[in-house]
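Here the structure is laid out as structure tokens; the discussion comes afterwards.
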Amino acid sequence: MKTKRAFLGTYSFRAVVLAVSACVLLPEAAHTQGPARISLDEAIQMALRHNHTLLAARTTIPQSQAQEITANMRPNPEFFADWEYLPIFSSPPGGVAAYLQGSTEGDIGISNLFERGNKRAHRLQAARDATAVTRSQVADNERTTTFQVASLFINVQLAESTLQLTEQNLKSFQKTVDIGASQFKAGAISENDYLKIKLQLLQFQTDDQQARLARIQALSDLRQQLGYESIAAEYDVRGTFEYRPQMLILAELQMAALQNRPDLRAAEQGVNAAGSQYTLAKANAKQDVTLSANYSHVNGLSASTFAVSVPLAIFNRNQGEIARTRIAINQAQEQEAAARGQVMTDVKDAYEALLSSDRVARFYQSGYLEVSQRNRDISEYAYGHGAASLLDFLDAERSNRATQLGYRQAIAAYLTALEQLRQAVGTRSLL
24 MKTKRAFLGT YSFRAVVLAV SACVLLPEAA HTQGPARISL DEAIQMALRH NHTLLAARTT
84 IPQSQAQEIT ANMRPNPEFF ADWEYLPIFS SPPGGVAAYL QGSTEGDIGI SNLFERGNKR
144 AHRLQAARDA TAVTRSQVAD NERTTTFQVA SLFINVQLAE STLQLTEQNL KSFQKTVDIG
204 ASQFKAGAIS ENDYLKIKLQ LLQFQTDDQQ ARLARIQALS DLRQQLGYES IAAEYDVRGT
264 FEYRPQMLIL AELQMAALQN RPDLRAAEQG VNAAGSQYTL AKANAKQDVT LSANYSHVNG
324 LSASTFAVSV PLAIFNRNQG EIARTRIAIN QAQEQEAAAR GQVMTDVKDA YEALLSSDRV
384 ARFYQSGYLE VSQRNRDISE YAYGHGAASL LDFLDAERSN RATQLGYRQA IAAYLTALEQ
444 LRQAVGTRSL L
């Protein structure tokens, strides 16, 4: 029995040691998993949470809400008091106490302004309408930020795809240089041809370095848009970088844009806000009433006074502000019409750009990629067997490199055009 307990105790101790060891090793193992890899949707959500420019724009909403509180405040009552004819440098006859009682004057009172024309309610409504416009403007900032993140994300994908291409080209051409060196040593090619091949290697090496720099800069630019501190410096993106055709109808996209675009919604709300300002201007033309009451003690006598004060609206009836706000309504309506037309134009332009990029991508996929690669392979084979000149082979090599790079740029242009259309529509859910 003691032996069994000892065995169980040893087993439990080893289990605890293994568990502790696992806990110690887990962070190190996680550290060795490599840099974080984020998808496009994750990048967009990260930017919406951490982009500093967007966060700064969002502070305008609570600022506007604070103005609503100010607009809803009532006027403060006023308290006043005075004591006149006090002796300073002389001693009055009969003593100070008697002089203060019988020869000085003291007043104490309170007054309050009563607003007419329902001004406070109109101020509050105008402030609320301004807040609604601010919310839509912030939503439009989010729309713009989303497009910027998507564009930079595509730039990273293009840079990484280009880097893979340049590495493959460099590795392949390095083999050609090695074969050329062997042929030169064997006397199969001239020194001049060998030097031409070797000099061509410089272009592949330069392309590779430029692609590496482009990738680093693209990741850095994307990180800034995501929120610099929100992600580690060593990170990467994940997701497919390929051409996927879309079946879209322009009329449906324009209709969706009219319903979803926050800048158009802000323009529509701007008309309401202008109307609220006009109503407030007319309310401000109403003259307010001030009521006051005070107690006075004069020469030993006590008295009370009540007063009513109303400005006479003879000259200033707020005519200028009423006229200005009435014209501002027309201005807001014109801005709304301009915004509506801009929405339709944005969708149309983005739609046509997507169609054009789609055609270019289809051109490459229709056979030009295969033709370019096959031309390069045939030229390499023919040159290796003496059936083609060196210039023909190098020309085929350059043509294939340009075609492969052009296809990747066509994919990036298509994906960017698709994101541009999403921005123009105002939502990502339809595309």
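Position in the sequence shown (from 1) plus 23 gives the number in my numbering. No residue lacks a Cβ here, since even glycine has one placed at the ideal position from N, Cα and C. The model shown is predicted, which means the values in this text are computed figures rather than measured ones.
1. Would you mind sorting GLU442 into buried or exposed? The rule is 16 or more other CB atoms within 10 Å of its CB.
2. Taking the beta strand (DSSP E) that VAL312 belongs to, which residues open and close that run?
3. Where GLY364 and ASN164 are concerned, what is the direct C-alpha to C-alpha distance, given to the nearest angstrom?
4. Taking its Cβ as the centre, do 16 or more other Cβ atoms sit within 10 Å of LEU11, making it buried, or is it exposed?
5. Please report the straight-line C-alpha distance between ASP107 and ASN322, rounded to a whole angstrom.
6. Do the stretch 156 to 173 and the stretch 60 to 80 make contact, defined as three or more Cβ pairs closer than 8 angstroms?
7. Rounded to whole angstroms, what is the Cα-Cα separation between ILE434 and ALA234?
8. Touch check for the stretch 141 to 160 and the stretch 75 to 86: three-plus C-beta pairs under 8 angstroms?
9. Applying the criterion that 16 or more other CB atoms from any shown protein chain within 10 Å of the CB defines a buried residue, is VAL119 buried or exposed?
10. Distance, Cα to Cα, SER134 vs GLN88?
11. Could I get the ranges of all uninterrupted beta strand (DSSP E) runs contained in the stretch 100 to 144, with 3 residues as the minimum, in chain order?
12. Are three or more beta carbon pairs between the stretch 270 to 283 and the stretch 316 to 335 nearer than 8 angstroms?
13. Going by DSSP in three states, ARG267 sits in which element: helix, strand or coil?
14. When the distance is taken between beta carbons, is SER380 closer than 8 angstroms to TYR430?
15. Does DSSP classify VAL370 as helix, strand or coil?
16. Span of the alpha helix (DSSP H) holding THR93?
17. Short of 7 angstroms in beta carbon distance, which residues of its chain neighbour ARG143, apart from the five on each side in sequence? Order them along the chain.
18. Spell out the partners DSSP gives PHE329 in its beta bridges.
19. Excluding the five sequence neighbours on either side, which residues of its own chain have a C-beta within less than 7 angstroms of the C-beta of LEU287, listed in chain order?
20. By Cβ distance, which residues of its chain are closer than 6 angstroms to PHE488, with the 5 residues on each side in sequence left out?
21. Give the secondary structure of ILE272 by DSSP, where H, G and I count as helix, E and B as strand, and everything else as coil.
22. Looking only at its chain, what residues have a beta carbon closer than 7 angstroms to the beta carbon of ARG259, apart from the 5 residues adjacent to it on each side?
23. Helix, strand or coil for ARG382? Go by DSSP, reduced to three states.
24. Would you tell me roughly how many angstroms separate the C-alpha atoms of ALA237 and GLY343, rounded to the nearest one?
25. Straight-line CA distance for GLN300 to LEU63?
26. Using the three-state DSSP reduction, which class does ARG97 fall into: helix, strand or coil?
27. My output table needs one value for ILE352: the three-state DSSP class, helix, strand or coil.
28. For the beta strand (DSSP E) containing ARG238, name the first residue and the last one.
29. Find the nearest neighbour of THR313 within the set THR368, GLY125, LEU136, THR93, judged by alpha-carbon distance.
30. Which class does LEU193 belong to by DSSP, given the choice of helix, strand or coil?
31. Please tell me whether GLN277 and VAL370 are closer than 8 angstroms, where the distance is taken between their beta carbons.
32. With DSSP run on the structure shown, which of helix, strand or coil describes ILE61?
33. For the stretch 385 to 422, list the alpha helix (DSSP H) runs that are entirely contained and at least 4 residues long, ordered along the chain.
34. If you draw a straight line from the C-alpha of PHE196 to the C-alpha of TYR406, how long is it?
35. Relative to the C-alpha of GLU420, which candidate in GLY250, ILE345, SER213, ILE401 has its C-alpha closest?
36. Applying the criterion that 16 or more other CB atoms from any shown protein chain within 10 Å of the CB defines a buried residue, is SER452 buried or exposed?
Judging by the given coordinates:
1. The Cβ neighbour count for GLU442, taken over all protein chains shown within 10 Å, is at least 16; the residue is labelled buried.
2. Counting along the chain, the beta strand (DSSP E) containing VAL312 begins and ends at 312 to 321.
3. Pairing GLY364 with ASN164, the inter-Cα distance amounts to about 20 angstroms.
4. What the structure shows of the chain is the stretch from 24 to 454, and residue 11 is not part of that stretch, so it cannot be assessed.
5. Going by the sequence as given, residue 107 is Glu instead of Asp. When rounded, the distance between both Cα atoms is 11 angstroms.
6. Yes, the stretch 156 to 173 touches the stretch 60 to 80.
7. Roughly 17 angstroms between the two C-alpha positions.
8. A contact exists between the stretch 141 to 160 and the stretch 75 to 86.
9. It is exposed - the Cβ of VAL119 has fewer than 16 other Cβ atoms within 10 Å.
10. In this model, SER134 and GLN88 are separated by some 30 angstroms (Cα to Cα).
11. Qualifying beta strand (DSSP E) stretches, in chain order: 101 to 107, 128 to 137.
12. The count of Cβ pairs closer than 8 angstroms, one atom from the stretch 270 to 283 and one from the stretch 316 to 335, stays below three, leaving the stretches out of contact.
13. Under the three-state reduction of DSSP, ARG267 is assigned to coil, being neither helix nor strand.
14. Not closer than 8 angstroms, so no.
15. Residue state, collapsed to three classes: helix.
16. For THR93, the enclosing alpha helix (DSSP H) covers residues 83 to 94.
17. Shown here for ARG143: same chain residues with a beta carbon closer than 7 angstroms to its own, the five before and five after excluded, namely ASN95, ARG97 in chain order.
18. Under DSSP, the beta-bridge partners assigned to PHE329 are ALA316.
19. Closer than 7 angstroms at the Cβ level, and outside the excluded window around LEU287, lie LEU281, ALA362, ARG363, VAL366.
20. No answer is possible for residue 488: the residues shown for the chain start at 24 and end at 454.
21. DSSP places ILE272 outside both helix and strand once states are collapsed to three, so it counts as coil.
22. Before going on, a small fix: residue 259 reads as Asp here, not Arg. So the list reads PRO58, ARG60, once near-sequence residues are dropped.
23. Reduced to three states, the DSSP call for ARG382 is helix.
24. If you take the alpha carbons of ALA237 and GLY343, they lie about 58 angstroms apart.
25. Going by the C-alpha atoms only, they are around 43 angstroms apart.
26. ARG97 falls in the coil class under three-state DSSP.
27. Look at ILE352 here: in three-state DSSP terms it is helix.
28. Where ARG238 is concerned, there is no enclosing beta strand (DSSP E), although the alpha helix (DSSP H) it sits in stretches over 214 to 249.
29. Considering only THR368, GLY125, LEU136, THR93, the residue with the shortest C-alpha distance to THR313 is LEU136.
30. Helix.
31. Here GLN277 is near VAL370, since their CB atoms are less than 8 angstroms apart.
32. In the structure shown, ILE61 falls within a strand segment according to DSSP collapsed to helix, strand and coil.
33. Counting whole runs of 4 or more residues, the stretch 385 to 422 contains the alpha helix (DSSP H) stretches 392 to 407.
34. One C-alpha to the other measures close to 14 angstroms.
35. Distance check between GLU420 and each of GLY250, ILE345, SER213, ILE401 places ILE401 closest, using alpha-carbon atoms only.
36. By the 10 Å Cβ count, SER452 comes out exposed.
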